[in-house]
Amino acid sequence: MASERADTPAQETAQPAPRQPPPEKPAETWRRTLVILSFWLIVLLLGLPIWWKTTSIYRADLPLERMLQWADGKACRPAFPLHISVRADFVADQEAQHLVRLTQHALDDLNDFAGHHLRLKLSPKGDGKNPHPSGQDADSALTVNLTPGDANSARLSQHSTVLDMTYAPNSMPSVNSASSPLATYMANELRSTFSEEQSIISYLLSTSFMSSTARQHGPSQDAAESVKKRTTRSLRYAPTYHLSFSLFTDGATPNTWDIDAAMDKYMKPMLDVLGPIHNFTIDTQVQLYATPGVQSQTLNKEHLASFINAAEWPLSPSIGGAPTVNFIVFVGNQTIASDSARVEKSQSWMIPQWGSVYLLHLPATEQHVSENALMQPLLTFGGHLLTLLGTPQSGSLPLRLSTLARIRTTDLLLRASSSLGSLARLSPSLPSISIPRSVAEGVSSSLLHLEQACANLGGPEGLLHARFAEEEAERAFFEKSMVGQLYFPDEHKIAVYLPLLGPVGVPLVLGLLNEVKNWIKRRKQKAHVAREKKGQ
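The letter at position 260 of the sequence shown is residue 261 when you use my numbering, and the numbering goes up by one with no holes.
(1) Would you report the Cα separation of Gly356 and Asp165, rounded to the nearest angstrom?
(2) Using a Cβ distance threshold of 8 angstroms, determine whether the region 434-451 contacts the region 58-65, with at least three qualifying pairs required.
(3) Answer with buried or exposed for Ser181, where buried requires no fewer than 16 other C-beta atoms within 10 angstroms of its C-beta.
(4) In or out: Phe246 buried (at least 16 other Cβ within 10 Å) or exposed?
(5) Given a cut-off of 8 angstroms on the beta-carbon distance, is the pair Leu451 and Ala470 in contact?
(6) Around the Cβ of Val497, are there at least 16 other Cβ atoms within 10 angstroms (buried) or fewer (exposed)?
(7) Please state the DSSP three-state secondary structure of His1.
(8) From Gly443, Tyr238, Ile260 and Ala262, pick the residue whose C-alpha is nearest to that of Gly322; which is it?
(9) Identify which residue in His304, Leu499, Pro315 and Leu300 has its Cα closest to the Cα of Ile337.
(10) Beta carbon of Val176, beta carbon of Tyr204: below 8 angstroms?
(11) Using 8 angstroms for Cβ pairs, my map puts Ala291 next to Phe249. What's the rounded Cβ distance?
(12) Express the C-alpha separation of Ser172 and Thr381 in angstroms, rounding to a whole number.
(13) Three-state secondary structure (DSSP) at Thr167?
(14) If you draw a straight line from the C-alpha of His493 to the C-alpha of Gly463, how long is it?
(15) Please work out which residues of its chain come closer than 6 angstroms, Cβ to Cβ, to Ile283, disregarding the five sequence neighbours upstream and downstream, and give them in chain order.
(16) Once the 5 residues before and after Glu313 are set aside, which same chain residues still bring their CB inside 7 angstroms of it?
(17) Quick check on Val87: does DSSP put it in helix, strand or coil?
(18) Just to confirm the assignment, what range does the alpha helix (DSSP H) spanning Arg409 have?
(19) Verify whether the separation of the beta carbon atoms of Ser371 and Tyr359 is less than 8 angstroms.
(20) Nearest to Gln288 by CA position, among Asp273, Asp261, Phe281 and Asn256, is which residue?
(21) Spell out the partners DSSP gives Ser247 in its beta bridges.
(22) Excluding the five sequence neighbours on either side, which residues of its own chain have a C-beta within less than 6 angstroms of the C-beta of Ser418, listed in chain order?
(23) Within the same chain, show all residues whose beta-carbon is closer than 8 angstroms to that of Thr366, passing over the 5 residues directly before and after it, in chain order.
(24) Hey, Leu147 and Val101 are a contact pair by Cβ (cut 8 angstroms); roughly how many whole angstroms apart?
(25) Determine which residues share a DSSP beta bridge with Arg156 and list them.
(26) Report yes or no: do the region 426-433 and the region 402-418 share at least 3 C-beta pairs separated by less than 8 angstroms?
(27) Roughly how many angstroms lie between the CA atoms of Leu111 and Glu96, to the nearest whole one?
(28) Give the range of the alpha helix (DSSP H) segment to which Asn189 is assigned.
(29) So Lys122 is in the beta strand (DSSP E); what residue range does that whole segment cover?
(30) Determine the burial state of Ala474: buried for a count of at least 16 other Cβ atoms within 10 Å of its Cβ, exposed for fewer.
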């Protein structure tokens with residue numbers, strides 16, 4: 002009995018061995034491996050190429066080197082060769098040619114900025130069939146008419162690009178002379194005529210990367226400050242400006258005005274002259290019971306900035322993308338505090354980069370603003386418009402407008418080159434943004450027009466090509482598809498792909514790892530069995 006009781010615990014402690022699953026057949030193992038490999042082949046050979054093709058970023062090839070050359074001033078050295086015609090009908094040909102040579106030498110000695118140089122040429126003598134009755138040469142920036150007189154004098158015509166110059170008796174240099182007071186006088190007058198243009202162009206180039214020479218021989222500090230003030234006051238260049246003429250009154254009268262007739266008489270002639278440089282659209286409006294922002298009857302200088310009540314005055318916004326220039330005629334009882342000698346000239350003030358305001362005084366019972374009453378306001382607006390457009394202050398109107406064309410050409414050339422340089426530096430630094438084909442086409446067109454503008458800086462074609470170059474460069478730089486991707490960081494891509502790749506990728510990776518482990522285990526078992534057989 003004791004032995005039976007002793008054997009019982011041993012029998013109770015013995016546990017049956019767990020049943021192992023039947024060994025996996027080689028065909029089933031191979032089938033599972035093929036399934037896993039098929040999934041991975043589909044992912045690698047089909048899924049990844051489709052994903053790469055559908056999500057790849059198209060980047061058109063850009064001529065980065067050429068773009069940087071333009072931005073750094075290595076592709077073009079801006080030079081304005083201005084041709085000056087000298088008409089000397091009362092001087093012998095040899096003496097006139099010698100005078101032109103001496104004057105050219107004097108000009109070269111005075112000029113310290115090679116980017117802006119005057120080139121004299123002797124015009125053929127008149128034969129009575131001159132198509133230009135005023136004596137001006139259509140192909141020249143300025144025509145000098147030399148006529149005999151009592152003394153050396155010069156007078157610039159106010160209606161054409163002609164400099165009428167008289168010379169004293171016996172002042173004409175002989176053919177063998179090495180110098181001439183008359184040549185020196187002519188050189189000083191010509192240099193004085195174009196000094197403002199030279200200062201402006203020199204300033205524009207010195208503040209950019211286009212010309213190291215201009216930076217070395219830039220304008221003086223006083224001239225630079227004056228040009229900077231003029232540049233700050235003027236509007237940014239645009240091919241089209243919208244002119245808005247408004248009549249504001251502080252009561253119910255006057256309520257009508259002859260603006261159409263006054264515009265045709267006093268403004269349209271000047272706008273027609275500006276046509277080759279800018280286009281203009283015009284609208285007008287009348288606003289009654291307009292309350293100014295300053296109620297004081299006597300306006301001091303500090304009151305002028307807050308006189309316009311922008312919150313209540315319906316001023317026209319930009320139309321069609323063109324900048325708006327506002328011209329306001331205010332009929333009220335305000336006056337500008339000034340010296341008695343300047344009361345006539347103190348009825349208006351110009352607001353930089355915005356427009357102009359004119360205070361018009363009329364009888365309280367006046368119901369209508371006549372054409373004559375609008376003459377002085379519109380003439381004042383015309384002068385302010387020229388200033389807002391960046392027109393030089395000195396010289397006749399035709400000469401100032403031709404100078405304005407060359408200044409605008411320089412400005413557009415620099416802006417287009419700067420935009421191309423910015424795009425060339427932006428493209429490699431942001432490899433994740435796309436570069437559409439339209440950007441490459443715009444850059445190519447801009448470079449082509451830049452080359453044409455650089456070759457024709459002194460003529461009207463230069464402005465046309467510079468305008469196209471600047472438009473294409475700006476359009477390429479501000480491409481919508483590129484700008485939108487600047488605000489799509491890589492963290493957003495992770496947030497998009499992780500929810501998709503996580504559930505799909507984890508089973509594939511774990512299945513592959515398990516299959517590799519099983520394969521290694523099978524290899525070890527086979528190797529162990531082979532060693533045991535070899536030991537027997």
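Using N, Cα and C, we set each Cβ at its ideal position, and we do this for glycine too.
Straight from the coordinates:
(1) Translated into the one-based positions of the sequence shown, residue 356 becomes position 355. Translated into the one-based positions of the sequence shown, residue 165 becomes position 164. Each residue's Cα considered, the two are about 36 angstroms apart.
(2) yes
(3) Within the sequence shown, the letter at position 180 stands for residue 181. It counts as buried.
(4) Sequence index remark: in the sequence shown, residue 246 carries index 245 (1-based). Buried: at least 16 other Cβ atoms inside 10 Å.
(5) The residue given as residue 451 occupies position 450 in the sequence shown. The residue given as residue 470 occupies position 469 in the sequence shown. Taking 8 angstroms as the Cβ cut-off, Leu451 and Ala470 qualify as a contacting pair.
(6) On the sequence shown, residue 497 is found 496 positions in, with the first residue counted as 1. Answer is exposed; the Cβ neighbour count stays below 16.
(7) No information on residue 1 is available, as it lies outside the stretch 2 to 537 that the chain covers here.
(8) Looking up residue 322 in the sequence shown gives position 321. Minimum Cα-Cα distance from Gly322 among the listed residues Gly443, Tyr238, Ile260 and Ala262 corresponds to Tyr238.
(9) Looking up residue 337 in the sequence shown gives position 336. Residue nearest to Ile337 within the set His304, Leu499, Pro315 and Leu300 is Leu300 (criterion: CA-CA distance).
(10) The count along the sequence shown starts at 1 and reaches residue 176 at position 175. The count along the sequence shown starts at 1 and reaches residue 204 at position 203. In this structure, Tyr204 does not lie closer than 8 angstroms to Val176 by Cβ.
(11) Translated into the one-based positions of the sequence shown, residue 291 becomes position 290. Translated into the one-based positions of the sequence shown, residue 249 becomes position 248. That belief holds up - the Cβ atoms of Ala291 and Phe249 are roughly 4 angstroms apart, short of 8 angstroms.
(12) For the purposes of this step, residue 381 is taken as residue 380 along the sequence shown, with counting starting at 1. For the purposes of this step, residue 172 is taken as residue 171 along the sequence shown, with counting starting at 1. So the two alpha carbons sit approximately 43 angstroms from each other.
(13) Numbered from 1 along the sequence shown, position 166 holds the residue referred to as residue 167. The answer is strand: DSSP assigns Thr167 an E or B state.
(14) Indexing the sequence shown from 1 puts residue 493 at position 492. Indexing the sequence shown from 1 puts residue 463 at position 462. So the two alpha carbons sit approximately 46 angstroms from each other.
(15) Translated into the one-based positions of the sequence shown, residue 283 becomes position 282. Same-chain partners within the cutoff: Leu244.
(16) Here residue 313 refers to the residue found at position 312 of the sequence shown. The answer, listed in chain order, is Thr292.
(17) Position 86 of the sequence shown, counted from the start, is the residue given in the question as residue 87. Note: Val87 maps to strand in three-state DSSP.
(18) Here residue 409 refers to the residue found at position 408 of the sequence shown. That run of the alpha helix (DSSP H) goes Leu398 to Ser430.
(19) For this step, residue 371 is matched to residue 370 along the sequence shown. For this step, residue 359 is matched to residue 358 along the sequence shown. Not in contact: Ser371 and Tyr359 (Cβ atoms no closer than 8 angstroms).
(20) In the sequence shown, residue 288 corresponds to position 287, counting from 1. Here the closest residue by C-alpha is Asn256.
(21) By 1-based counting over the sequence shown, the position of residue 247 is 246. DSSP, once it has assigned bridges, lists Gln286 and Ile329 as partnering Ser247.
(22) As a position in the sequence shown, residue 418 is number 417, starting the count at 1. Cβ neighbours of Ser418 beyond the five flanking positions: Trp71 and Ala72.
(23) As a working mapping, residue 366 is identified with position 365 in the sequence shown. Answer for Thr366: Thr254, listed in chain order.
(24) As a position in the sequence shown, residue 147 is number 146, starting the count at 1. As a position in the sequence shown, residue 101 is number 100, starting the count at 1. In fact, because the Cβ distance is near 10 angstroms, the residues do not count as touching under 8 angstroms.
(25) Residue numbering aside, residue 156 sits at position 155 when the sequence shown is read from its first letter. Beta-bridge pairing links Arg156 to Asp165.
(26) Contact fails between the region 426-433 and the region 402-418, because fewer than three Cβ pairs, one in each stretch, are under 8 angstroms apart.
(27) Counting from one through the sequence shown, the residue named residue 111 turns up at place 110. Counting from one through the sequence shown, the residue named residue 96 turns up at place 95. Cα-Cα distance, rounded: 23 angstroms.
(28) Along the sequence shown, one-based indexing puts residue 189 at 188. It spans Pro182 to Thr194 - the alpha helix (DSSP H) in which Asn189 sits, taken as one unbroken run.
(29) Locating residue 122 in the sequence shown gives position 121, where the first residue counts as 1. Looking at the DSSP string, the run of the beta strand (DSSP E) that includes Lys122 is His117 to Leu123.
(30) On the sequence shown, position 473 is the one that residue 474 refers to. Burial state of Ala474 is buried, judged by a 10 Å Cβ sphere holding 16 or more other Cβ atoms.
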